[in-house]
Structure formats: C-alpha cells, structure tokens
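Step one of this worksheet: look at the structure below.
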Ligand SMILES: Cc1cc2nc3c(=O)[nH]c(=O)nc-3n(C[C@H](O)[C@H](O)[C@H](O)COP(=O)(O)OP(=O)(O)OC[C@H]3O[C@@H](n4cnc5c(N)ncnc54)[C@H](O)[C@@H]3O)c2cc1C
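Residue numbers (my numbering): 3 to 275.
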C-alpha cells in the first residue's frame, strides 16, 4: 500500500452511539465498511483522511429485514448477503442481479451497500436499482435519524446530502410492483466498472434509471412519461437523448454511452411488453 500505515489512526466502533460520537467529536474521521473503495484510494496515494473508524463490529447494521411492508437493507450488508437473502430475492430481484455483477467474489464478500451509496460514484451498480425502486436512504447523526428519498440524496458529482457526522444506517425500499430489470455494460462480465448501468421497473408509469451517463445516477422522467403515455419508442429515445449527459473518459466515449443507453431502454421496453 503506497500510503504508509503509520500515517493514520484506525479506531473500531463498538456501538452505533460510539461511532456517531467519534464522527461528531473528531471531524475528518473517515468511516470504513468493507474498505474496498478506501483501500484503492490509499493504494494510489490519495489519502481520504488521517483518522479512520472501522464500522464492521456494528453487526445490527448488517441485517436485512422487513418493516411495515418495506424492505430494510442495513448499510453494512455485503453483496454476498444481498444475494443470499430470501427477502431481497423475492422483493428486489434487480438488486440481486446487480450484486452478482459487482467486482468479483472477493469484492462481493467485503463490499457493502452502504459503501456503494456513500462512495457516490455515478457508476455505482446499486444506485440505479435504488433510484428505480424509489428507495429512501436512512441517515443517523448526532441529532437523530432522517430519511432522504433516494432521488434527493445526490447533489452533484460524488456529492450527497450526507453530513460528515452522519452515517448511512440503511436503505429502505417500498414494495415494487411490476417487472424488474437490470443490465450492466462493462468491459467484462466481472471485475469491470460500468460503462453504462441501467435499472427499471415496468410499473404504471414505468420507472427508469441510468448510471454513468451524467455526474450522478439519474431517473429519466421525460423518457418515463413518453413510454407511459404510449408514445413511439423512437420518440421516447429522443427524450432519453435530451436528458442524459454522458462524457468521454478512460472507460468509454459519450457517443458509445448514448448508443448503449438507447439500446438498453429499447431492450427493456420490448422484452417486458
Ligand atoms: C476490484 C474492485 C472492483 C469493484 N467493482 C465494482 C463494481 O463492479 N461495481 C461497483 O459499483 N463498485 C465496484 N467497486 C467499488 C466498491 O467495491 C463498491 O463501491 C463497494 O460497495 C464499496 O463498499 P465498501 O463497504 O467497501 O466501502 P468503503 O471502501 O469502506 O467506503 C467507501 C466510502 O463510503 C464511506 N462509507 C462506507 N460506509 C459508510 C456508511 N455506512 N455511512 C457513511 N459512509 C460510509 C467511506 O467513508 C468511504 O468514503 C469495486 C472495487 C474494487 C476494488
């Protein structure tokens, strides 16, 4: 690891209360879950902080349960936990499909849903799923708990409404009616960051979300309205083109991403008809 470990301190949280007290009293402390994103930053020499707080002993945050008809996925649930959960398999199949395609087995064993949300990459594979499922992000801070609709959680590129003294404790998903759909397009089937990632629900009206086509994951309200009102698929794709803003980067080009996004929406709409 390029960052020498003597350069930072690592604490371990025993309770959620202790963890929140550390974040409140020691500003700049970086929470650690599976560490799969943070480790990459340390390895490449960009140090996210000098003080780190290991959340892994907070077992209650790893639980996946059902409350008042809503699926509650603890922030520390790993991708492997998600794939093994009967509740997720029966209620949010598209999250199981996304989890199977994150990294490889090792990353799925360590990487967490909360880490994916907090890392706030527009290419995060679970993000379009939670956008299309109209989930809420549950945050806990010194002043208590608050719920933020997923579509209001991100404020810009790698930026969210989460305050530095707050932890994501869970994501809550209402019952999803309608066929669920997930597709990821990357360089390979495993160990590949998405060039474009797509999740959708064939509800009335349909709900569609894309990642890696803008600074944050996006819902596609104009495309959804066009499809829901029975417009021709080509007209819906014209709307889609207006509401995404992909860029050229090391993983792909804007033009390719536009074409793939259109193909994914067409495939979803025709295959779920
Ligand atoms: C080889 C490799 C392949 C990968 N492939 C994929 C992929 O295919 N798809 C994909 O989406 N991602 C991929 N990733 C990225 C990463 O594995 C995921 O984003 C993962 O979900 C991060 O979770 P984590 O628990 O490891 O987060 P960590 O690295 O522990 O944390 C990530 C960020 O979130 C913050 N954080 C973590 N938990 C919380 C919390 N509960 N509350 C508040 N802040 C928190 C941390 O402070 C940090 O800023 C890959 C990474 C690697 C190294």
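Here a beta-carbon is modelled for each residue, glycine too, at the ideal position from N, C-alpha and C. None of the values given here were measured: they were computed from a predicted structure.
Do you know how far the Cα of residue j is from the Cα of residue i?
i	j	result
residue 120	residue 246	22 Å
residue 155	residue 135	14 Å
residue 93	residue 73	8 Å
residue 68	residue 112	23 Å
residue 1	residue 132	Because the chain here runs from 3 to 275, residue 1 falls outside it and cannot be looked at.
residue 10	residue 268	49 Å
residue 223	residue 241	9 Å
residue 15	residue 51	17 Å
residue 261	residue 254	12 Å
residue 12	residue 24	12 Å
residue 189	residue 57	32 Å
residue 249	residue 263	13 Å
residue 237	residue 150	33 Å
Going by DSSP, what residue range makes up the beta strand (DSSP E) through residue i?
i	result
residue 68	66-69
residue 109	Not the beta strand (DSSP E): residue 109 falls in the alpha helix (DSSP H), residues 107-112.
residue 285	In this structure the chain extends from 3 to 275, so residue 285 is not present and cannot be described.
residue 9	From DSSP, residue 9 is part of no beta strand (DSSP E); its letter is neither H nor E.
residue 55	53-56
Can you name, in chain order, every residue of its own chain whose Cβ lies under 6 Å from the Cβ of residue i, other than the five neighbours on each side?
i	result
residue 204	180, 181 and 274
residue 159	217
residue 76	63, 64, 65 and 172
residue 162	122, 155 and 156
For residue i versus residue j, is the C-beta spacing smaller than 9 Å?
i	j	result
residue 18	residue 63	yes
residue 197	residue 211	no
residue 30	residue 117	no
residue 80	residue 115	yes
residue 42	residue 32	no
residue 184	residue 100	yes
Leaving out five residues before and five after residue i in sequence, what residues of the same chain have Cβ atoms less than 7 Å from its Cβ?
i	result
residue 208	202, 226, 229 and 230
residue 193	105 and 106
residue 102	85
For the alpha helix (DSSP H) that contains residue i, what are its first and last residues?
i	result
residue 61	Where residue 61 is concerned, there is no enclosing alpha helix (DSSP H), given that its DSSP letter is neither H nor E.
residue 95	95-102
residue 239	235-245
residue 229	223-230
residue 167	Premise fails: residue 167 is in no alpha helix (DSSP H) and is neither H nor E.
residue 257	256-273
With a CB to CB cut of under 8 Å and the five nearest residues on each side skipped, what residues in its chain are close to residue i?
i	result
residue 89	66, 67, 68 and 73
(message) Contact between the stretch 168-185 and the stretch 131-141 is defined here as three or more beta-carbon pairs at a separation below 8 Å; is this criterion met?
(response) yes
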